[in-house]
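Colleague:
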Amino acid sequence: MNWPLIAVRNILRDGTRVISTLLIIAVGLTALLLGSGFMLSTYDSLQEIGMRTEGHVIIIDDIPEPLLGGSHQQLTLNNWQSIQASLWDDERVLRVLPRARFEGIISKGSRNAVFFGSGVDPHEEFRVHGPFLRTNGVLDPWIATSETQDVVLGVQLARTLNAIKGDLLTLQIAGNSGEISQTPVRLAGTYQSGTPETDNHTLMISLTTTATLLGTDNISQLSIYLNRHQDASAMQASLQENLNNVIVQTWQQRAELYHKVKSLYDRIFGVMGLIILVVVFLAITNTISLAIYQRRKEIATFSALGTKPARIYANFILEALLIGITASMLGMLLAYGTSHAINLSELMMPAPPGKSEGYPIFIYISWSHYLLTSLLLIAIVVSASLLATYNTTKINIATALS
Amino acid sequence: MAARLSLNAISKSYGAGDSRVTALTEITLSLHEGEFFAIQGSSGSGKSTLLNICGLIDHPSNGDLHLNDIAITQLNEQQRCMHRRKSIGFIFQHHQLIPAMTVYENIAYPLLLNNKPSRQVRHEVEQLLTKLNLTHRRKHLPRQLSGGEQQRVGIARALIKRPQLIIADEPSASLDHQHADAGLQLMRELNQTFAASFLIASHDPLVIAHCDRKLTLLDGHMDGHIDSHS
């Protein structure tokens with residue numbers, strides 16, 4: 001007996017109901033794939049920000065961080081040049097960037113503002129941030145060409161000081177031994193991250209200038225950028241084993257924002273996904289139950305002829321599978337087309353909490369994700385069919401045939 | 001002659017308390033091997049209920065039922081299912097063909113259920129199709145057939161596996177005189193060749209005339225004795 005052909009004939013018997021069932025599943029799948037695609041692209045962006053900001057692997061001194069914020073550290077890492085030199089031979093390593101964090105006051109004329117500064121490698125720093133830190137008028141590299149040192153400000157900090165490129169500003173910094181040093185700097189340009197905390201309060205100067213101003217060539221952290229982010233854990237483990245008196249962390253251990261947002265989105269999209277699945281399950285169960293109940297005489301005839309219940313279940317499972325697979329393909333096609341349309345349209349999302357600017361919506365297309373979600377929907381269709389078949393086969397054969 | 005089917009004080013009632021309805025009361029009869037047995041009675045007299053119990057698709061409330069000396073009332077649903085598959089053929093009043101199966105598949109299905117080799121299935125289905133003048137309809141679906149053709153397919157499906165007991169509910173209801181006669185001839189042939197027993201509920205005098213004995217039901221009771229045709 002050609003059961004798949006018989007299943008196809010059964011499906012085609014009730015075209016209207018089958019079309020509505022297909023649409024319910026396909027639209028549900030599309031909603032799930034679009035929602036999860038957006039979630040995945042958000043995670044991807046947050047990961048990228050975390051990795052580009054901090055580096056894939058971070059080395060800090062093993063003195064506990066001060067209470068004031070995670071990124072503003074004491075200048076205690078003193079053997080970093082040798083670590084940096086040893087890492088250059090490692091094929092996994094792309095860049096090794098030293099960073100010295102400090103605080104102070106910056107002023108232009110009567111205007112002044114508190115800042116959080118970073119002493120960085122002016123040759124490499126802006127090459128690692130990609131689209132997440134856009135520069136404005138900053139030369140590459142932006143090292144000083146005269147006796148005056150260059151500084152690059154967060155765009156809002158420059159606006160607060162009413163400073164434009166080329167302006168002379170004054171930095172006041174507390175040195176390592178507590179004395180206040182004051183030095184003129186020239187504004188070499190601005191950068192913009194879209195994060196108010198960064199854009200309003202931070203600046204960067206070259207590490208050489210930092211050492212001169214602070215009276216130490218110690219740094220706060222050494223950020224290691226890898227060719228493949230998948231190597232981060234292995235590198236962290238091997239460095240931790242080989243280096244003494246330092247703490248080696250991966251970007252994930254320092255990406256507080258990533259974990260918070262991921263946790264929030266997991267819950268939001270988890271609940272949303274669950275609601276969609278429940279709605280699809282109820283709608284499908286309702287449609288399939290009605291369809292199967294209307295076929296109770298057929299089920300009773302099968303039973304009267306001596307068909308085992310397993311065979312009857314298999315017939316309805318086969319039909320559910322065919323409907324589920326067809327609807328899944330339709331849903332995947334819909335989701336794929338809609339995702340592309342949204343990605344090409346460059347629709348903007350409003351600024352999320354902690355950001356000052358929106359970002360373009362991007363829907364991630366992952367075939368493994370498409371496949372898993374489709375399998376979940378197919379399992380739901382089969383479950384709904386099993387439930388409906390179970391309820392119908394419980395009806396007495398004689399009653400069903402009457 | 002050995003009893004194919006025996007009923008001893010079979011009763012059937014539905015509901016409980018004040019809403020209790022009695023459909024059958026203490027029906028006792030024996031159906032012998034190769035016997036044609038008619039059940040007649042007006043609508044609501046309990047004919048269908050009795051057929052359902054004899055065909056093992058319904059349970060009696062009281063009484064004993066034996067098929068080939070096996071106490072059916074002691075069996076579980078799986079065992080009853082096996083007996084229906086092996087030993088019982090059904091001719092339903094409303095045909096009850098499987099809508100998504102072709103004429104050929106509907107007729108072949110009971111043989112496939114009993115794991116007959118496909119060559120034998122093909123041979124026997126083709127024979128029956130020819131005998132019932134349905135060869136040209138073999139690839140048609142039930143909805144493409146007339147009522148009479150559907151009934152002939154139903155008869156063919158019941159007879160194909162040569163069951164020991166055939167339960168027929170108004171087998172000639174949708175047939176014209178010529179096809180009714182052909183169907184009855186086929187049933188008689190099977191009855192004579194394989195000693196199949198027939199339990200037939202019918203109003204049709206032609207069908208009743210073919211039967212060896214008849215029982216009349218009146219409001220679920222046996223109306224008098226079981227009559228034998230001379």
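As given, the protein sequences belong to chains A and B, one line each in that order. Counted from 1, the first sequence has number 253 at position 253 by my numbering; the numbering is strictly sequential. Counted from 1, the second sequence has number 145 at position 145 by my numbering; the numbering is strictly sequential. Think of the CB as a built atom: it goes at the ideal place given N, C-alpha and C, for glycine as much as any other residue.
Do the segment 151-166 of chain B and the segment 175-185 of chain B make contact, defined as three or more Cβ pairs closer than 8 Å?
Modeller: With a cut-off of 8 Å, the segment 175-185 of chain B and the segment 151-166 of chain B count as touching, because enough Cβ pairs lie within range.
Colleague: Do we get a CB-CB distance below 7 Å when we pair Asp-58 of chain B with the residues of chain A?
Modeller: The residue given as residue 58 of chain B occupies position 58 in the second sequence. By this cut-off, Asp-58 of chain B is an interface position.
Colleague: Listed from N- to C-terminal order along the chain, which residues in the segment 374-400 of chain A have their beta-carbon within a distance smaller than 7 Å of any beta-carbon of chain B?
Modeller: Hits within the stretch, in order: Asn-396, Ile-397, Ala-398.
Colleague: Suppose only complete runs of 3+ residues qualify. What are the beta strand (DSSP E) ranges in the segment 147-214 of chain B, listed by chain order?
Modeller: Those beta strand (DSSP E) runs which fall completely within the segment 147-214 of chain B and span 3+ residues are 165-169, 197-201.
Colleague: How would you call Gln-144 of chain B, buried or exposed, if buried means at least 16 neighbouring beta carbons within 10 angstroms?
Modeller: As a first step, residue 144 of chain B is located in the second sequence; it is residue number 144 there, counting from the start. Exposed, since its Cβ has fewer than 16 Cβ neighbours within 10 Å.
Colleague: For Leu-207 of chain A, which of A:Thr-250, A:Ser-289, A:Gly-117, A:His-201 has the nearest alpha-carbon?
Modeller: Within the first sequence, numbered from 1, the residue matching residue 207 of chain A stands at position 207. Closest option to Leu-207 of chain A, Cα to Cα, is A:Gly-117.
Colleague: Tell me whether Gly-15 of chain A is buried or exposed, calling it buried when 16 or more other Cβ atoms sit within 10 Å of its Cβ.
Modeller: Within the first sequence, residue 15 of chain A is the residue found at index 15, counting from 1. It is exposed - the Cβ of Gly-15 of chain A has fewer than 16 other Cβ atoms within 10 Å.
Colleague: For Asp-18 of chain B, does the three-state DSSP call read helix, strand or coil?
Modeller: Stepping through the second sequence from its first residue, residue 18 of chain B is reached at position 18. Here Asp-18 of chain B sits in helix by DSSP.
Colleague: Would you identify the three-state DSSP class for Arg-228 of chain A, choosing helix, strand or coil?
Modeller: Working through the first sequence from its first residue, we reach residue 228 of chain A at position 228. Looking at Arg-228 of chain A - three-state DSSP - the assignment turns out to be coil, as it is neither helix nor strand.
Colleague: In chain B, which residues lie with their C-beta within 7 Å of the C-beta of Asn-10 of chain A?
Modeller: Counted from its first residue, the first sequence places residue 10 of chain A at position 10. What Asn-10 of chain A touches in chain B: Ala-100.
Colleague: Which of the three DSSP states is assigned to Gly-117 of chain A in this structure?
Modeller: Here residue 117 of chain A refers to the residue found at position 117 of the first sequence. Gly-117 of chain A: strand per DSSP, three-state reduction.
Colleague: Just the C-alpha distance for Ile-164 of chain A and Tyr-43 of chain A, rounded to the nearest angstrom, thanks.
Modeller: On the first sequence, position 164 is the one that residue 164 of chain A refers to. On the first sequence, position 43 is the one that residue 43 of chain A refers to. So the two alpha carbons sit approximately 36 Å from each other.
Colleague: State the beta-bridge partners of His-32 of chain B as determined by DSSP.
Modeller: Within the second sequence, the letter at position 32 stands for residue 32 of chain B. B:Ala-3, per the DSSP bridge assignment.
Colleague: Quick one: measure Cβ to Cβ for Ile-106 of chain A and Leu-203 of chain A, integer angstroms, because I've assumed they're closer than 8 Å.
Modeller: Along the first sequence, read from residue 1 onward, the residue named residue 106 of chain A stands at position 106. Along the first sequence, read from residue 1 onward, the residue named residue 203 of chain A stands at position 203. Right, the Cβ-Cβ distance comes to about 7 Å (below 8 Å), so this counts as a contact.
Colleague: Hey, could you find the ends of the alpha helix (DSSP H) Glu-103 of chain A is sitting in?
Modeller: Position 103 of the first sequence, counted from the first residue, corresponds to residue 103 of chain A. Per DSSP, Glu-103 of chain A belongs to no alpha helix (DSSP H); it is in the beta strand (DSSP E), 93-108.
Colleague: Near Gly-324 of chain A, what residues of its chain come up, given a Cβ to Cβ distance below 7 Å and the 5 sequence neighbours on each side ignored?
Modeller: For the purposes of this step, residue 324 of chain A is taken as the residue at position 324 of the first sequence. Answer for Gly-324 of chain A: Ile-25, Leu-377, Ile-378, Val-381, Val-382, listed in chain order.
Colleague: For the segment 176-190 of chain A against the segment 228-241 of chain A, are there 3 or more C-beta pairs whose distance is under 8 Å?
Modeller: Not touching, per the Cβ criterion.
Colleague: Check whether the Cβ atoms of Gly-220 of chain B and Thr-22 of chain B sit closer than 7 Å, and answer yes or no.
Modeller: For this step, residue 220 of chain B is matched to residue 220 along the second sequence. For this step, residue 22 of chain B is matched to residue 22 along the second sequence. Yes, Cβ-Cβ distance for Gly-220 of chain B and Thr-22 of chain B is below 7 Å.
Colleague: Between the Cα of Asn-315 of chain A and those of A:Gly-306, A:Ala-7, A:Leu-23, spot the shortest distance and give me the residue it belongs to.
Modeller: Residue numbering aside, residue 315 of chain A sits at position 315 when the first sequence is read from its first letter. Asn-315 of chain A has its Cα closest to that of A:Ala-7, out of A:Gly-306, A:Ala-7, A:Leu-23.
Colleague: In the DSSP output, what is Leu-67 of chain B paired with across the bridge?
Modeller: For the purposes of this step, residue 67 of chain B is taken as residue 67 along the second sequence, with counting starting at 1. Answer by DSSP bridge pairing, in chain order: B:Leu-5, B:Ile-70.
Colleague: Could you tell me whether the segment 20-39 of chain A touches the segment 335-342 of chain A, using the rule of 3 or more Cβ pairs below 8 Å?
Modeller: Cβ pair count under 8 Å is three or more, so yes.
Colleague: Classify Lys-161 of chain B as buried or exposed, calling it buried when 16 or more other Cβ atoms lie within 10 Å of its own Cβ.
Modeller: Position 161 of the second sequence, counted from the start, is the residue given in the question as residue 161 of chain B. By the neighbour-count rule (16 or more Cβ atoms within 10 Å), Lys-161 of chain B is buried.
Colleague: Say yes only if the C-beta of Gly-41 of chain B is nearer than 6 Å to one or more non-hydrogen atoms of the ligand FAD, and no if none qualify.
Modeller: With respect to the ligand FAD, the structure shown offers nothing to examine, as it has no ligands at all.
Colleague: Spatial neighbours of Pro-163 of chain B within its chain, please: C-beta separation below 7 Å, excluding the five flanking residues on both sides.
Modeller: If you number the second sequence from 1, residue 163 of chain B lands on position 163. Once the five neighbours on either side are set aside, the close Cβ partners of Pro-163 of chain B are Ser-87, Ile-88, Gly-89, Ala-196.
Colleague: Chain B partners of Thr-307 of chain A, CB-CB under 7 Å?
Modeller: The residue you call residue 307 of chain A lines up with position 307 of the first sequence. The contacting residues are Leu-113.
Colleague: Check the Cβ-Cβ distances between Ile-6 of chain A and every residue of chain B, and say whether any is below 7 Å.
Modeller: As a position in the first sequence, residue 6 of chain A is number 6, starting the count at 1. Yes, Ile-6 of chain A counts as interfacial toward chain B.
Colleague: From the beta carbon of Ala-304 of chain A, is the nearest beta carbon of chain B less than 7 Å away?
Modeller: Numbered from its first residue, the first sequence carries residue 304 of chain A at position 304. Interface residue, yes.
Colleague: Per the contact definition of three or more C-beta pairs closer than 8 Å, is the segment 98-105 of chain B in contact with the segment 70-85 of chain B?
Modeller: Verdict: no, contact absent.
Colleague: Taking Cβ to Cβ, would you say His-38 of chain B is nearer than 7 Å to Ile-200 of chain B?
Modeller: The sequence position of residue 38 of chain B within the second sequence is 38, counting from 1. The sequence position of residue 200 of chain B within the second sequence is 200, counting from 1. Inspection of the sequence shows that residue 38 of chain B is occupied by Ala rather than by His. A contact, by the Cβ cut-off of 7 Å.
Colleague: Ile-173 of chain A and Gly-104 of chain A: beta carbons closer than 7 Å?
Modeller: Residue 173 of chain A sits at position 173 when you count from the first residue of the first sequence. Residue 104 of chain A sits at position 104 when you count from the first residue of the first sequence. Contact: yes.
Colleague: Are the Cβ atoms of Thr-392 of chain A and Ile-292 of chain A separated by less than 7 Å?
Modeller: Along the first sequence, read from residue 1 onward, the residue named residue 392 of chain A stands at position 392. Along the first sequence, read from residue 1 onward, the residue named residue 292 of chain A stands at position 292. Yes, Cβ-Cβ distance for Thr-392 of chain A and Ile-292 of chain A is below 7 Å.
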